[in-house]
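Asker:
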Amino acid sequence: MENVGVLREWFGRVDSNHTGNITAPQLQRALAVGNLDFPLSIVQQMIRMYDFDRNGTMNFEEFLALNKFLLKVQNVFSALERGRGFLPLDDVYAALVKLGFSLDSPAFYTVCESFDKNKMGMVRLDEFISLCIFVQSACNLFNSFDTPKQGRVTLDFNQFVYCTANCRI
Numbered sequence: 001m002e003n004v005g006v007l008r009e010w011f012g013r014v015d016s017n018h019t020g021n022i023t024a025p026q027l028q029r030a031l032a033v034g035n036l037d038f039p040l041s042i043v044q045q046m047i048r049m050y051d052f053d054r055n056g057t058m059n060f061e062e063f064l065a066l067n068k069f070l071l072k073v074q075n076v077f078s079a080l081e082r083g084r085g086f087l088p089l090d091d092v093y094a095a096l097v098k099l100g101f102s103l104d105s106p107a108f109y110t111v112c113e114s115f116d117k118n119k120m121g122m123v124r125l126d127e128f129i130s131l132c133i134f135v136q137s138a139c140n141l142f143n144s145f146d147t148p149k150q151g152r153v154t155l156d157f158n159q160f161v162y163c164t165a166n167c168r169i
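Its first residue numbered 1, the sequence shown is counted upward by one per residue in full-length UniProt numbering.
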């Protein structure tokens, strides 16, 4: 992980109104400075993943958790991209496995189709991060219903609506 002091300084600059929390638009602008251009919906999902106090914003401790996840994802991407600037789908699958995600072929290709903006069978870093945010969010949500940890859940219609609303991107 990067130096906590450097991250605190960065967080302080992003928290322009000095509330101790950053909003999705503030985080979106800050990530764009680093050439990570995400739609607001993806940034909102990032915040939801680590918004432990459920206030809709991100405090510094929550930001540290997001940063740790983003660094892990970026490191796996960098290890596999071989100077190309993108990952072909075979490498996307390998990267997801390295990150601890296991998807069957239909689920994997459906997810990739959603995040391969140019439909070229490859994903750039920002697309890969978005894909990982989605898969991690889906995993977190699934696990909240799979309390016996059996790898299966049964949902009623209201729970299904809740899931779809919480995994929207």
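Using N, Cα and C, we set each Cβ at its ideal position, and we do this for glycine too.
DSSP three-state call for Met122: helix, strand or coil?
Answerer: strand
Asker: Can you tell me which of Val153, Ser78, Asn21 and Thr154 puts its alpha carbon nearest to the alpha carbon of Phe60?
Answerer: Asn21
Asker: Since Ser16 is in the alpha helix (DSSP H), which residue starts that stretch and which ends it?
Answerer: First-last for Ser16: undefined, no H or E at that position.
Asker: Would the segment 131–151 count as touching the segment 90–106 if we require 3 or more Cβ pairs under 8 angstroms?
Answerer: yes
Asker: Run through DSSP, which three-state label would Leu103 get?
Answerer: coil
Asker: Would you decide whether Ser16 is buried or exposed? Buried here means 16 or more other CB atoms lie within 10 Å of its CB.
Answerer: exposed
Asker: Please state if the CB of Val123 and the CB of residue 214 are separated by a distance shorter than 7 angstroms.
Answerer: The chain is shown from 1 up to 169; residue 214 falls before or after that span and cannot be answered.
Asker: Report the rounded CA-to-CA distance for Pro25 versus Val43, giving the unit in angstroms.
Answerer: 8 angstroms
Asker: Indicate the three-state DSSP secondary structure (helix, strand or coil) for Asn59 in the structure shown.
Answerer: strand
Asker: Taking the alpha carbon of Ala94 as the point to measure from, which residue in Arg84, Pro106, Phe86 and Leu80 has its own alpha carbon closest?
Answerer: Leu80
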